[in-house]
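Below: the structure, in structure tokens.
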Amino acid sequence: MSDTMIGRAVERSEDTRLLTGRGRYVDDVKRPGMLHAVVVRSPMAHATVLSIDASAALELPGVVKVITYADIAALAKAIPQRTCPLPGMENFLQMPMADQVVRYVGEPVAMVIAENRYIAEDAAELVYVDYDGLDAVVDARDAAQNKVVVHAAQGTNVASAYRVGRGDIEAAFRNAHYTRKESFYVHRHSAVPLETRGLVAEWDANAQHMSVWGAGKVPFANRGILADMLGLPNTQVDMIEVDVGGSFGVRGDFYPEDFLVPFAAQQIGRPVKWIEDRRENLMAMNHSREMHCELEIAVDRDGRIQGMRGKVMGDIGAYVRTNPGVMAGKGTQFMQGAYAIPNLDFDVCAIITNKTPAGTYRGPGRYESCFFRERLMDIVAGEMGIDPIEFRRKNLIRADQMPYDAGALVPGQGTTIYDSGNYPEVFERGLAHFSYAELAQRNGQLIDGKLHGVGLACFTESTGGGPGEHARIELRQDGSFDLFVGSSSAGQGHETSMAQVLADSLNVPFASIRVHHGSTTYLKQGFGAYHSRSAVMGGSAVHKAGQDMVRTLLARAASLKGLPDAQGLAWRDGQVMRESDGGVVATLAELSAGLPDCGHEAHGPVSVETSFMNDKLTFTFGLQLAHVSVDPKTAQVKVEKFLCVEDVGRMINPLIVHGQTIGAAVQGMGGTFLDEFIYDEDGQLTTGTFADYLLPVSTDFEHVDALTLELSPSPSNPLGVKGAGEGGIIGTGGALANAVCNALSGLSVSVTRLPMSLDRLAATMREARAAKGLA
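This note's numbering numbers the first residue of the sequence shown as 1 and each following residue consecutively.
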């Protein structure tokens, strides 16, 4: 083969199956004798559970069992943290079911198992829970005062507090020509995948084996947690991924139901299915983003930033679940962004409130910190009389500063090292592609009855989280290859991109490779899909496995031909050849002839399993640019043009990268203008349906494009790739807010809070007019 597959815009192999209705999702899984579960959830944000009476529910024909905390007490353990555990958070872990106190609306208090979903839903309404209401606290700033303590035994709502930084921050501010402080807020919202959560669990009592079907970004990690809770060895639990209707971070947790459903199946001895409805999904899946930040900057006479300091407060909801430390931890890690700032200082705290527990959502901590920083960059530039583009040019990290030491800003995680990049070149190419200089002349102008504005935001993104990934390759009878990867897929196109990597590594046709992913039955170990790591870690494991398979094939050829070893043999174009004269020693058909037809779980005679281990992250740089128009009468914002620019090092499949980037940008725009979880003072979620929790539709943001560059391959992996799944969302809030402020510059509007919802922006504009004495 002469043409490489890496870098080709191959259409996704899985799309035909999915678009023709042949996908298999968790609700399509049906097992003999399967029962159905419905979770009874707390209607109160904070209350003592006095008693639970399930007698009426149990009398309903078809009800098999009602599970309460008393049933799980002997087995259940608190759900452990998996990612970015911050000091102190271990004291606020969540049990799979509430015992004496409920702490958020939607917390599980019981689970009904019945012959079908209809009976289970009816029975759930018959479970009587007697509550004694307690005061609730829903604002993190109030919660930090500890007047209402959510976990009484802890005596505080501060789950974690720490200080990080580098350099001499006091000297930086003492010697500064100019300083500026501003307070910011990013609201609570989250991913809302097309498919809600769900599980099917089946217990084989004879084999003492648990099988669980359902979406899980980290099946091996979740298997370990579940096995520990059930008192089983890992080898007695299998997590089986089916097709997944989106993830975006929210499937990375181990949720209460991930224990409760298998527990029910084990106790009853029949398979149990649980499928979440949308109301449950909005109240019980992890929320994200909510963060307060007071950020201050010190600048010298030449416009170069000498210091940045701030106070960051993240609202993590009622419990610490699997990943809440990521928001605050990554928020401060990336607060400096792409700028060379020598002195940094951040006070960070994560606060418990009576709201749904928080976790990760695409670009966690990065979206928030980018909004804070990039708004402050524009504010500072305006007040200093510096062009915002020139201000950024002065402060961007230069190519000759790479690799760049960004400091140790997350407890226990060591120093952040930006691995490679030419940030100024990417910046200039983005400006030119967008026609920024031309469009910026419209800032504040009234054109066709609309006020126009242009803004941008720069960002860095860490990708390729370790510690490693695994891959296995099997040669089949027909000369094709089965590739098994530890990276899970929730729509990223792994069946295509991983086959492209292996096609190049093995030098075989793309069509001869079948990709299997997301099941603990396929590999000894796997780490899953998070932190935009699949191409970096999974792709590298596949590349390495391909090289190992070549060595295996050479050895097999030598054995088949009676040679003492594989010395002098080479693998070219899918066959073994002599290096000396190019003669064919063995074809792939010869090498695969007579192989047994092994199942996916078995290792055949021509099989390799390989791991790629790496503790070095990759870092992308990008910017997002926005041109908006604002109706001065209604405050309606229209995105006239939006561009995502990012250097990802090397693309495996440009078509997939483009789709990921555009999709991420639209998600970010939804979060910037629409999506919002709102709670009243009693802790009731007031935006718990799609009538109130607004999402963008296809016509809302039509003019979105991407410029994806391959300027600076990563030196930390053999493919040179950097992750590209989250960059499209990170700068949306900052870029759009800057554009809106430039459109409304005549009113001196300054956006410091998200979302920029229609009613909130209209109120801001009215206040600005009133302050200026305008009608």
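Cβ atoms here follow ideal geometry from the backbone N, Cα and C, with glycine treated the same way.
(request) Tell me whether the beta-carbon of R769 lies closer than 8 Å to the beta-carbon of L719. (result) For this step, residue 769 is matched to residue 769 along the sequence shown. For this step, residue 719 is matched to residue 719 along the sequence shown. No, these two residues do not count as a Cβ contact at 8 Å.
(message) On the criterion of 16 or more Cβ atoms from any shown chain inside 10 Å, does Q525 qualify as buried, or is it exposed?
(response) Mapped onto the sequence shown, residue 525 falls at position 525. With fewer than 16 other Cβ atoms within 10 Å, it is exposed.
(request) Would you mind reading off the limits of the beta strand (DSSP E) that contains V312? (result) Start at 1 with the first residue of the sequence shown, and residue 312 comes out as number 312. Residues 305-315.
(request) Could you please give me the residues that DSSP links to Y679 through a beta bridge? (result) The sequence position of residue 679 within the sequence shown is 679, counting from 1. Paired residues: L685.
(request) Have a look at A570, I119, M537, L588 and flag the residue whose alpha-carbon is nearest the alpha-carbon of D581. (result) For the purposes of this step, residue 581 is identified with residue 581 of the sequence shown, where counting begins at 1. Checking every option, the nearest Cα to that of D581 belongs to A570.
(request) For the segment 455-463 and the segment 561-570, state whether three or more C-beta atom pairs, one from each stretch, are separated by less than 8 Å. (result) no
(message) Given this structure, state the Cα-to-Cα distance separating R429 from L707, to the nearest angstrom.
(response) In the sequence shown, counting from the first residue as 1, residue 429 sits at position 429. In the sequence shown, counting from the first residue as 1, residue 707 sits at position 707. Whole-angstrom Cα-Cα distance: 9 Å.
(message) I'd like the list of long-range same chain contacts for P776, defined as Cβ closer than 8 Å, with 5 residues on each side in sequence excluded.
(response) Given a span of 1 to 775 for the chain in the structure shown, any question on residue 776 remains unanswerable.
(message) Using CA atoms only, rank isn't needed, just tell me which of R472, L344, P324 is closest to Q333.
(response) For the purposes of this step, residue 333 is identified with residue 333 of the sequence shown, where counting begins at 1. Comparing Cα positions, the closest option is L344.
(request) Measure the C-alpha to C-alpha separation of M1 and F701 and round it to an integer number of angstroms. (result) As a first step, residue 1 must be located in the sequence shown, where it is residue number 1. As a first step, residue 701 must be located in the sequence shown, where it is residue number 701. Since pLDDT at M1 reaches only 46, below the 50 mark, its modelled position is unreliable, and the value read off the structure follows with that caveat. About 42 Å.
(request) Please determine, among A110, R82, F371, E14, the residue with the shortest C-alpha to C-alpha distance to V39. (result) Locating residue 39 in the sequence shown gives position 39, where the first residue counts as 1. It is A110.
(message) Quick check: the Cα distance between M335 and D132, rounded to an integer number of angstroms?
(response) Numbered from its first residue, the sequence shown carries residue 335 at position 335. Numbered from its first residue, the sequence shown carries residue 132 at position 132. Near 43 Å, if we compare the C-alpha coordinates of D132 and M335.
(request) From the DSSP output, in three-state form, read off F527 for me. (result) What you label residue 527 is simply residue 527 of the sequence shown in a count that begins at 1. Looking at F527 - three-state DSSP - the assignment turns out to be coil, as it is neither helix nor strand.
(message) Going by C-alpha to C-alpha distance, which of L226, S532, G465 sits closest to Q266?
(response) For the purposes of this step, residue 266 is identified with residue 266 of the sequence shown, where counting begins at 1. Checking every option, the nearest Cα to that of Q266 belongs to L226.
(message) Going by beta-carbon coordinates alone, are A57 and V63 separated by less than 8 Å?
(response) The residue you call residue 57 lines up with position 57 of the sequence shown. The residue you call residue 63 lines up with position 63 of the sequence shown. Yes, the Cβ-Cβ distance between A57 and V63 is below 8 Å.
(message) Once DSSP output is grouped into helix, strand and coil, what is the label at I473?
(response) For the purposes of this step, residue 473 is taken as residue 473 along the sequence shown, with counting starting at 1. Note: I473 maps to strand in three-state DSSP.
(request) Using beta-carbon positions only, say whether G252 and G359 come within less than 8 Å of one another. (result) Taking the sequence shown and counting its residues from 1, one reaches residue 252 at position 252. Taking the sequence shown and counting its residues from 1, one reaches residue 359 at position 359. Yes, Cβ-Cβ distance for G252 and G359 is below 8 Å.
(message) Going by C-alpha to C-alpha distance, which of S369, Y339, E276 sits closest to G310?
(response) As a first step, residue 310 must be located in the sequence shown, where it is residue number 310. Residue S369 is the option with its Cα nearest to G310.
(message) DSSP three-state label for A768, please.
(response) Within the sequence shown, the letter at position 768 stands for residue 768. The answer is helix: DSSP assigns A768 an H, G or I state.
(message) If you reduce the DSSP assignment to three classes, tell me which class L709 lands in.
(response) Within the sequence shown, residue 709 is the residue found at index 709, counting from 1. In this structure, L709 counts as strand in the three-state DSSP scheme.
(message) Considering just the uninterrupted stretch of the beta strand (DSSP E) at H433, what are its terminal residues?
(response) Stepping through the sequence shown from its first residue, residue 433 is reached at position 433. Element bounds for H433: not the beta strand (DSSP E) but the alpha helix (DSSP H), 423-434.
(request) Tell me, please, which residues DSSP counts as bridged to G133. (result) Here the question's residue 133 lines up with position 133 in the sequence shown. Its beta-bridge partners are A47.
(request) Step through the CB atoms of chain D and report whether any lies within less than 8 Å of the CB of S532. (result) Any reference to chain D falls outside this structure, which holds one protein chain only.
(message) Alpha carbons only, please: which of K30, R442, V242 is nearest the one belonging to G809?
(response) It is not possible to answer for residue 809, since the shown part of the chain is limited to 1 through 775.
(message) Between A529 and A490, how many whole angstroms is the CB-CB distance? I'm expecting something under 8 Å.
(response) Here residue 529 refers to the residue found at position 529 of the sequence shown. Here residue 490 refers to the residue found at position 490 of the sequence shown. Confirmed, about 7 Å.
(request) Going by CA-CA distance only, name the one from M577, T48, I729 that's closest to L625. (result) The residue you call residue 625 lines up with position 625 of the sequence shown. Nearest of M577, T48, I729 to L625, Cα basis: I729.
(request) Pick out whichever of Q660, T689, N717, C84 has its Cα sitting closest to the Cα of V704. (result) Within the sequence shown, numbered from 1, the residue matching residue 704 stands at position 704. Closest option to V704, Cα to Cα, is Q660.
(request) Go ahead and label M613 buried or exposed: buried means 16 or more other beta carbons lie within 10 angstroms of its beta carbon, across all protein chains shown. (result) Walking along the sequence shown from the start, residue 613 turns up at place 613. Result: exposed.
(request) Measuring alpha carbon to alpha carbon, tell me which of P654, P632, V697 ends up nearest L774. (result) Walking along the sequence shown from the start, residue 774 turns up at place 774. Comparing Cα positions, the closest option is P632.
(request) Going by DSSP, name the residue or residues bridged to G165. (result) For the purposes of this step, residue 165 is identified with residue 165 of the sequence shown, where counting begins at 1. According to DSSP, G165 bridges with D345.
(message) Quick check: what's the CA-CA separation for A503 versus D3?
(response) Taking the sequence shown and counting its residues from 1, the one referred to as residue 503 is at position 503. Taking the sequence shown and counting its residues from 1, the one referred to as residue 3 is at position 3. If you take the alpha carbons of A503 and D3, they lie about 10 Å apart.
(message) Quick check: what's the CA-CA separation for P80 versus E257?
(response) The residue labelled residue 80 in the question sits at position 80 within the sequence shown. The residue labelled residue 257 in the question sits at position 257 within the sequence shown. Going by the C-alpha atoms only, they are around 14 Å apart.
(message) Within 10 Å of its beta-carbon, does I447 have 16 or more other beta-carbons around it, so buried, or fewer, so exposed?
(response) Taking the first residue of the sequence shown as position 1, residue 447 is located at position 447. By the 10 Å Cβ count, I447 comes out exposed.
(message) Please identify the residue among G583, H470, A74 whose C-alpha is closest to the C-alpha of S534.
(response) Looking up residue 534 in the sequence shown gives position 534. Of the candidates G583, H470, A74, the one whose C-alpha sits nearest the C-alpha of S534 is H470.
(message) Using the three-state DSSP reduction, which class does I351 fall into: helix, strand or coil?
(response) Indexing the sequence shown from 1 puts residue 351 at position 351. It is a strand residue.
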